[in-house]
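Inspection log for the structure reproduced underneath, given as structure tokens.
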Amino acid sequence: MPASLLQRSLAAVWHPCTQMKHHETLPLTAVVGGEGPWLVTEDGRRLLDGISSWWVNLFGHCHPRINAALRDQLERLEHVLLAGFTHPPVVELSERLAALTGGALGHAFYASDGASATEIALKMSFHMWRNRELPQKDRFLCLEGSYHGETVGALAVTDVALFRDAYAPLVRQAATVPSPDARRARPEETASDVARRAAVALEARLEAESGRVAALILEPLVQGAAGMVMYDPEYLRRARALCDRYEAHLICDEIAVGCGRTGTFFAYEQAGIRPDLLCLSKGISGGYLPLSVVLCREEIFRAFYDTDTRRGFLHSHSYTGNPLACRAALATLDIFEEEGVLAANRKRAELLGRLLEEAFSDHAAVRHLRQRGMVAAFDVAGEGVADDFSRRFFVAALEAGALLRPIGHTVYFMPPYVMDEPELRALVGAAATALDRALT
Ligand SMILES: *Cc1c(COP(=O)(O)O)cnc(C)c1O
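Just so you know, the sequence shown maps onto residues 179 to 618 in the working numbering.
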């Protein structure tokens, strides 16, 4: 008998973030098609994509508008280097992204994945201070539980033990400051009180580092990989003010929370602030092609503008500003602008919240049901929660027809912005079934 696609995959493909041996018992799913919020498997099943295929897909799979834009671009130009050359999609995309920041972040530097965007932002911050004759500003701060990618440079600001510990000797670890995690509220405290407490700790750290901090990097409002840790916008306001006072850059990593995920196009908007550097990836291409971008303020760009090449920003990737990826991003922005996505998402998010309340608020194992726009989560605790809860839930959800992939003991929902009532009901229903099956 010829080997199945699954067997061939396990033999030849080293899957990411996976202990391959677990696949001796954990099923691998072969996907051969996608249609809106659905994934179609090789054996003809349809799965609801409850996590937007690793947080990247915004408008469903095989979206007609993005497909058409890519077909058109494919007939014109697939790639050209961005050093010494330019092309229409990258120019238009850079202008439109700058406009979305109100013109505040007017210079766009491109790469292909989120971790590279993090590294670019860190290098840019450090190098800017050096160009300003402040080479002592070479330290970075990140939040407890932060995730900014897994390349060696990005691991420096990633505080997830599982990803970091094995490689710790390779990494120049940044200092972590307390997370404003709203779950830490003491009795009588609000989320905004927790934010203020965390900001006091941030201030103490900035004070202690006495002028050596280049930048604070954070995920605005939702710390994704930490387990959808949510916090009050007050923290961002205070962090912004402290970064100004201590002359450190504020880097907003909106790789996961950008592109409408939290309810506004950029999450930082909810705090009424602006970062100095902004990282985008994941949803920016609609979930079609690898693309990331770092947007920066005029002042940072200016610090590199010189006749001396060594004072320029020294970074490049072969696929920097790839025309196909940029076209997918332009089509994504068109959909946002022309189809009232943020307004429709407000209703969608409300409905998702209501359905989750109904299904889980009284469940004995559910804690901290929480939501910010199109991301929702709850923690699972108490009797019957096994160490391998996450895998049990994942398998049970697949059986119930949904792709949901808990982080540890946190179940989360990050649906594409095309699920309407029937799909959202089916998704929450599958989660309820999966939860009861996953508890022992
Ligand atoms: C996914 C993610 C990254 C890393 O992006 P990759 O494309 O996976 O390298 C960085 N920061 C945040 C907040 C992310 O969610």
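A virtual CB, placed ideally from N, CA and C, is assigned to each residue, including glycine.
These figures come from a predicted structure and were not determined experimentally.
Beta bridge counterpart(s) of residue i as assigned by DSSP
i: residue 354; result: 320
i: residue 213; result: 216
i: residue 285; result: 474
i: residue 430; result: 396, 456
i: residue 590; result: 555
i: residue 239; result: 214
i: residue 401; result: 407
i: residue 391; result: 317
i: residue 580; result: 226
Burial state of residue i (16 or more Cβ within 10 Å)
i: residue 496; result: exposed
i: residue 292; result: buried
i: residue 389; result: exposed
i: residue 416; result: buried
i: residue 198; result: exposed
i: residue 196; result: exposed
i: residue 494; result: exposed
i: residue 614; result: exposed
i: residue 553; result: buried
i: residue 237; result: buried
i: residue 314; result: exposed
i: residue 461; result: buried
i: residue 485; result: exposed
Neighbour flag for residue i against chain C, beta carbons, 8 Å
i: residue 333; result: The structure shown contains no chain C, having only a single protein chain.
Check: residue i C-beta below 7 Å from any heavy atom of ligand 1
i: residue 337; result: no
i: residue 598; result: no
i: residue 192; result: no
i: residue 280; result: no
i: residue 325; result: yes
i: residue 588; result: no
i: residue 301; result: no
i: residue 293; result: yes
i: residue 297; result: no
i: residue 460; result: yes
i: residue 395; result: no
i: residue 229; result: no
i: residue 464; result: no
i: residue 445; result: no
i: residue 619; result: The structure shown does not extend to residue 619, since the chain spans only 179 to 618, so no value can be given for it.
i: residue 431; result: yes
CB of residue i within 8 Å of CB of residue j, strictly
i: residue 428; j: residue 290; result: no
i: residue 508; j: residue 297; result: no
i: residue 321; j: residue 354; result: yes
i: residue 332; j: residue 318; result: no
i: residue 492; j: residue 299; result: no
i: residue 547; j: residue 538; result: yes
i: residue 367; j: residue 398; result: no
i: residue 521; j: residue 464; result: no
i: residue 286; j: residue 272; result: yes
Supposed close pair residue i, residue j - CB separation, criterion 8 Å
i: residue 239; j: residue 212; result: 3 Å
i: residue 204; j: residue 569; result: 6 Å
i: residue 357; j: residue 376; result: 7 Å
i: residue 578; j: residue 608; result: 4 Å
i: residue 466; j: residue 244; result: 6 Å
i: residue 384; j: residue 420; result: 6 Å
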